[in-house]
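**Student:** Before I ask anything, here is the structure I am working with.
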Amino acid sequence: MDKEISVVITGVAGKMGRETAKAVLAEAPALKLVGAVDPRADGKDLGDYLGLAEGRGIIIGGDLNRLLQGVKADVLVDFTNPQAVLSNAKTALEYGVAPVIGTTGLDEVDIAELREISERVGVAVLIVPNFALGAVLMMEFARRAAQYFRHVEIIEMHHDQKIDAPSGTAIKTAQMIAGERGSFKQGHPEEYEKVPGARGGEFEGLRIHSVRLPGLVAHQQVIFGGPGQILSIRHDSLHRESFMPGVIMAIRKVRDLRGVVIGLEKILD
Ligand code: NAD
């Protein structure tokens, strides 16, 4: 049997962190949850917090650095926010812990810094903008469609507590489409907005629209238009459970990678 993988979660009191803790605990004994961090729940018992007997005895910490001084871990899963994620990933690397990053908000400079540290310490980083397998396939199908359809718009829809826009998935999709068809200015050459932002954000000439409403979880539609036809590719994450098989796969595989790897598609068999 493979050796168990010890896991630490940052952002454990958040929506994704709680779901991840349950998923990791359910994978015992192959995965072992050895620590959990969230300043919002500092000092609380994780089992009591989640209402799960399996998590009893794990006391939530307020700071990753302090936790890793006393706990030996293999993998960190981070679901925090754009302000915390870089520092958490750097801390993990310095302790030889491989970060699996679900948090959006890392920019090119941050990723370059992580790449440099990852190579220096010889520990991989896996950044996954979307852990839902269906969403990964949606992006791949959109990339393929962009070989034949140049006109496309993306509508992404999320719950109204999401802080950043557009979503990491929408940006990744747009990058994959642009990688196929290049930069291409769409729409009427003289179009103008009567309400600022009405045409959405522009990325390499294609438009991205972000909808935020209570009741939504994570949804995206990629709409291609051609003469006399429309092709819509849509994915809906209806519950955060949809991300968990991808999270577990990432935990299992990150230590076999090298450097900084971006995207769940890179670790699919
Ligand atoms: P959330 O606001 O519910 O949870 C974030 C948690 O992080 C909070 O509990 C907060 O207290 C905690 N936190 C803040 N700073 C911290 C620190 N320094 N150390 C430890 N914990 C800290 O947010 P959420 O809905 O769970 O989403 C978290 C992130 O995951 C967002 O960036 C979101 O866009 C992203 N997300 C990614 C995927 C994916 O598939 N990759 C899916 C859903 C959400």
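The opening position of the sequence shown corresponds to residue 1 in full-length UniProt numbering, with each subsequent residue numbered one higher. Cβ coordinates follow ideal geometry from the N, Cα and C atoms, glycine included.
(1) Can you name the start and end residues of the alpha helix (DSSP H) that I111 belongs to?
(2) First and last residue of the beta strand (DSSP E) that includes F224?
(3) Less than 8 Å between the C-beta atoms of G200 and H188, yes or no?
(4) Please indicate yes or no: does the CB of D38 lie closer than 7 Å to some heavy atom of ligand 1?
(5) Would you tell me roughly how many angstroms separate the C-alpha atoms of I111 and S183, rounded to the nearest one?
(6) Report back the beta-carbon spacing between F79 and G122 to the nearest angstrom; my notes put them in contact at under 8 Å.
(7) Indicate, with yes or no, if ligand 1 has a heavy atom lying under 7 Å from the CB of K162.
(8) Excluding the 5 residues flanking E94 on each side, which residues of the same chain have their C-beta closer than 8 Å to its C-beta?
(9) On the DSSP letters alone, give me the boundaries of the alpha helix (DSSP H) that F203 sits inside.
(10) Quick check on this structure: which residue in A53, I267 and K3 has the alpha carbon closest to the alpha carbon of V136?
(11) How far does the beta strand (DSSP E) with L76 in it extend, from its first residue to its last?
(12) Is G246 closer than 8 Å to L264 when the C-beta atoms are compared?
(13) For E180, does the three-state DSSP call read helix, strand or coil?
(14) From the DSSP output, in three-state form, read off S210 for me.
(15) How do the segment 218 to 227 and the segment 156 to 172 stand: do at least 3 beta-carbon pairs fall below 8 Å, yes or no?
(16) What I want to know is whether the C-beta of M16 ends up closer than 7 Å to one or more non-hydrogen atoms of ligand 1.
(17) Can at least three beta-carbon pairs, one atom from the segment 97 to 105 and one from the segment 34 to 50, be found at a separation below 8 Å?
(18) Quick one: measure Cβ to Cβ for V125 and L67, integer angstroms, because I've assumed they're closer than 8 Å.
(19) Beta strand (DSSP E) containing K32: first to last residue?
(20) Mind checking whether N81 and I171 have CB atoms under 8 Å apart?
(21) At the level of alpha carbons, what is the spacing between V24 and G225?
(22) Would E4 pass as a contact of L46 if the rule is Cβ separation under 8 Å?
(23) Assuming Q229 is part of the beta strand (DSSP E), what are its boundary residues?
(24) Does DSSP classify E265 as helix, strand or coil?
(25) Is V136 helix, strand or coil by DSSP?
**Tutor:** To lay it out plainly:
(1) E108 to V121
(2) A218 to G226
(3) no
(4) yes
(5) 24 Å
(6) Not quite, the Cβ-Cβ distance comes to about 25 Å (not below 8 Å), so this is no contact.
(7) yes
(8) I117 and V121
(9) Not the alpha helix (DSSP H): F203 falls in the beta strand (DSSP E), residues G201 to F203.
(10) I267
(11) V75 to D78
(12) yes
(13) helix
(14) strand
(15) yes
(16) yes
(17) no
(18) Wrong, their Cβ atoms sit about 19 Å apart, outside the cutoff.
(19) L31 to V37
(20) no
(21) 42 Å
(22) no
(23) Q229 to S237
(24) helix
(25) helix
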